[in-house]
Amino acid sequence: PSPIIQLKDLKVDLVSRAITRGETCINLTAKEWAVFEALLQHSGALLSRAQLEDNLYAFGAEIESNAVEVHISRLRKKLGHDLIETVRGMGYRLVKQ
Numbered sequence: 000p001s002p003i004i005q006l007k008d009l010k011v012d013l014v015s016r017a018i019t020r021g022e023t024c025i026n027l028t029a030k031e032w033a034v035f036e037a038l039l040q041h042s043g044a045l046l047s048r049a050q051l052e053d054n055l056y057a058f059g060a061e062i063e064s065n066a067v068e069v070h071i072s073r074l075r076k077k078l079g080h081d082l083i084e085t086v087r088g089m090g091y092r093l094v095k096q
């Protein structure tokens with residue numbers, strides 16, 4: 000598979016972990032990238048909050064109660080609000096085209 004994914008108006012380079020929209024580079028923190036990468040790997044599939052927490056933290060680490068929601072909110076601000084769908088009470092998924 001290609002290390003570059005086109006996702007709506009975003010170009011995602013999985014090797015360099017770079018995201019661009021046109022000529023603009025979008026910077027993600029390590030935790031934001033971990034959430035985004037998990038959603039990318041399961042594109043279109045629903046991921047629960049617990050599944051996303053597993054990608055964020057080492058086993059046994061103390062987790063802030065709203066950490067996933069905060070990272071999802073930040074990703075939406077940076078990447079666009081229509082890219083990540085919330086299924087209330089179930090989880091999140093990356094919206095395919």
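Under the working numbering, the sequence shown is numbered contiguously, ending at residue 96.
Cβ atoms here follow ideal geometry from the backbone N, Cα and C, with glycine treated the same way.
Note that the coordinates shown come from a computational prediction; the quantities given were computed from them, not determined experimentally.
In the three-state reduction of the DSSP assignment, Leu55 falls in the helix class.
From the listed residues Ala17, Gln40, Glu84, the smallest Cα separation to Ala29 is found for Ala17. The continuous beta strand (DSSP E) containing Leu93 extends over residues 90 to 93.
Under the 10 Å beta carbon count, Val67 is surrounded by 16 or more other beta carbons and is classified as buried. Nearest neighbour of Leu46 by Cα position, chosen from Pro2, Val94, Ser1, Met89, turns out to be Met89. Distance from Tyr91 to Leu51 at the Cβ level is roughly 7 Å; contact confirmed, criterion being Cβ atoms closer than 8 Å.
Only residues of its own chain outside the window of five on either side were considered, and among them Ile18, Lys77 have a CB closer than 6 Å to the CB of Ile25, listed in chain order.
Counting the other Cβ atoms within 10 Å of the Cβ of Glu22 gives fewer than 16, which makes it exposed. Around the C-beta of Ile71, 16 or more other C-beta atoms lie within 10 Å, and the residue is accordingly described as buried. A distance below 6 Å between beta-carbons, with the five flanking residues on each side excluded, links Ile4 to the following residues of its chain, in chain order: Val11.
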